[in-house]
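So the number in this note's numbering is just where the residue sits in the sequence shown, counting from 1, plus 45. Glycine included, each C-beta is placed from N, C-alpha and C at the ideal position.
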Amino acid sequence: MKSDRLLNAIEHELRPRCRLRFRQELEALFEQETHQTRQRHLVIMGLITALLYVLFLINDYSFRPEAFLASVMIRGVILLPMALAIFWWVYRGVPPWLRETLMAGLVVMAMIGSSTIFYISSSPHSYLDVFSFGLILVAGNIVFSLRFPYALTSTVISIGVMSVFVFYYEPMPIEAKRLAMFAILVKAVFTLMANYRLEYSERTSFLLLMREKIQAGHMQSTNHQLTRLSVTDPLTDIANRRQFDTIFPAHWQVARLEQSHLAIMVIDIDHFKAYNDYYGHLQGDLCLRQVAAALQANSRSDDLVVRYGGEEFVILMPRTEPHTAR
Numbered sequence: 046m047k048s049d050r051l052l053n054a055i056e057h058e059l060r061p062r063c064r065l066r067f068r069q070e071l072e073a074l075f076e077q078e079t080h081q082t083r084q085r086h087l088v089i090m091g092l093i094t095a096l097l098y099v100l101f102l103i104n105d106y107s108f109r110p111e112a113f114l115a116s117v118m119i120r121g122v123i124l125l126p127m128a129l130a131i132f133w134w135v136y137r138g139v140p141p142w143l144r145e146t147l148m149a150g151l152v153v154m155a156m157i158g159s160s161t162i163f164y165i166s167s168s169p170h171s172y173l174d175v176f177s178f179g180l181i182l183v184a185g186n187i188v189f190s191l192r193f194p195y196a197l198t199s200t201v202i203s204i205g206v207m208s209v210f211v212f213y214y215e216p217m218p219i220e221a222k223r224l225a226m227f228a229i230l231v232k233a234v235f236t237l238m239a240n241y242r243l244e245y246s247e248r249t250s251f252l253l254l255m256r257e258k259i260q261a262g263h264m265q266s267t268n269h270q271l272t273r274l275s276v277t278d279p280l281t282d283i284a285n286r287r288q289f290d291t292i293f294p295a296h297w298q299v300a301r302l303e304q305s306h307l308a309i310m311v312i313d314i315d316h317f318k319a320y321n322d323y324y325g326h327l328q329g330d331l332c333l334r335q336v337a338a339a340l341q342a343n344s345r346s347d348d349l350v351v352r353y354g355g356e357e358f359v360i361l362m363p364r365t366e367p368h369t370a371r
């Protein structure tokens, strides 16, 4: 059964592991179950971070007024429309790999934009912005919670971009450069650790939830089978006396409320004991099954055919007029 195979795969993935990605079938199910929530999360968080990124124009205006126009172009004219286009695309629905690639690319573009703004400025305090670039990694690795491989890739590229700009920015003291690179590396490690734990927890929660659903389905199926067995005659596979005793009061109440007729037909097989003793129990059982099949085949869909006990059968016939019952 597919559910059993899936349950075995879930149990395998719940073992202690470092690898985040599931096996193909389970990974596809994970994306199917989470993609809408993830798309909504990325779009909402993306809009918030985009707004905050643009609000850094206030800092640009106070720190580097000579490069403010360039800051407006980079943040508001280039990166903001690009981000909005990506959010719209993600919201519309794209394959998981493209969704994560687009959002990771946006993180890298934000780092390129911020690095360019500080690099082109001639303000003596412009390089102080470098110490806030770790917020870009926080956005990608924690706020967006990019899937770990994409978070790792975007982090490495972003640090590479920043290091190039910092290395060639002459007004920045060498001591500040060292501190800036050390700080960004530490933030990268911390945010990647948090990112890994977030995705690990999300995937583990998914596995536990799916296991509970499958086990609940198995339990419901088992209970249904047990219930059916408890109200079904095992020899003839029709209703037994217990089912009749349960259903009859309800049909009686319906007949009273509707002022309709309720008919009961009682069938007893004549000379069955002698037949059973002479031909044996196997033939006796076959006889009972054939009688039950004949009664079932010649009854209406609303009728209930019951093996009441031994060779006695009952047919409960709701909404049956007296002349029809006769």
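- Around the beta carbon of Tyr106, fewer than 16 other beta carbons sit within 10 angstroms, so the residue counts as exposed.
- As a beta-bridge residue in DSSP terms, Asn285 pairs with Arg352.
- Counting the other Cβ atoms within 10 Å of the Cβ of Asp347 gives fewer than 16, which makes it exposed.
- Nearest neighbour of Phe67 by Cα position, chosen from Thr249, Ile314, Arg364, turns out to be Thr249.
- In the DSSP assignment, Leu361 is bridged to Ile309, Leu349.
- For secondary structure counted as the alpha helix (DSSP H) over 4 or more consecutive residues, the segment 158–189 holds these complete runs in sequence order: 179–183.
- Taking a contact as a CB-CB distance under 8 angstroms, the pair Ala115 and Leu182 does not count as one, their CB atoms being some 24 angstroms apart.
- DSSP places Glu366 outside any alpha helix (DSSP H), giving it a letter other than H or E.
- Just measuring C-alpha positions, the residue of Val88, Asn285, Glu244, Gly205 sitting nearest Ala225 is Gly205.
- With contacts defined by Cβ atoms closer than 8 angstroms, Val135 and Gln84 form a contacting pair.
- Note: Thr291 is not bridge-paired with any residue in the DSSP secondary-structure output.
- In this structure, Tyr164 and Ala221 do not form a Cβ contact; the two beta carbons are roughly 14 angstroms apart against a cut-off of 8 angstroms.
- Nearest neighbour of Glu366 by Cα position, chosen from Ala112, Val153, Leu307, Ile119, turns out to be Leu307.
- Per DSSP, the beta bridge partners of Thr277 are Ala284.
- Rounded to the nearest angstrom, the gap between the Cα atoms of Gln69 and Asp330 is 51 angstroms.
- Leu361 is positioned such that its CB atom lies closer than 8 angstroms to that of Leu349.
- Secondary structure of Pro61 (DSSP, three-state): coil.
- The three-state secondary structure of Val139, taken from DSSP, is coil.
- Comparing C-alpha distances from Phe358 to each of Ser168, Arg364, Arg286 shows the shortest one belongs to Arg286.
- Looking from the CA of Thr198, the closest CA among Arg242, Ile229, Val153, Ala184 belongs to Val153.
- A check of alpha carbon separations from Val139 across Phe113, His296, Asn343, Val88 identifies Val88 as the nearest.
- In this structure, DSSP gives Leu252 a helical state, which the three-state scheme calls helix.
- Nearest C-alpha to Leu100 among Ile119, Ile309, Thr82: Ile119.
- Residue state for Glu244 is assigned as helix, using DSSP reduced to three classes.
- Listed in chain order, the non-local C-beta contacts of Phe176 below 7 angstroms within the same chain comprise Ala225, Ala228, local neighbours out to five positions each way being set aside.
- In this structure, the alpha-carbon of Thr200 lies about 30 angstroms from that of Glu111.
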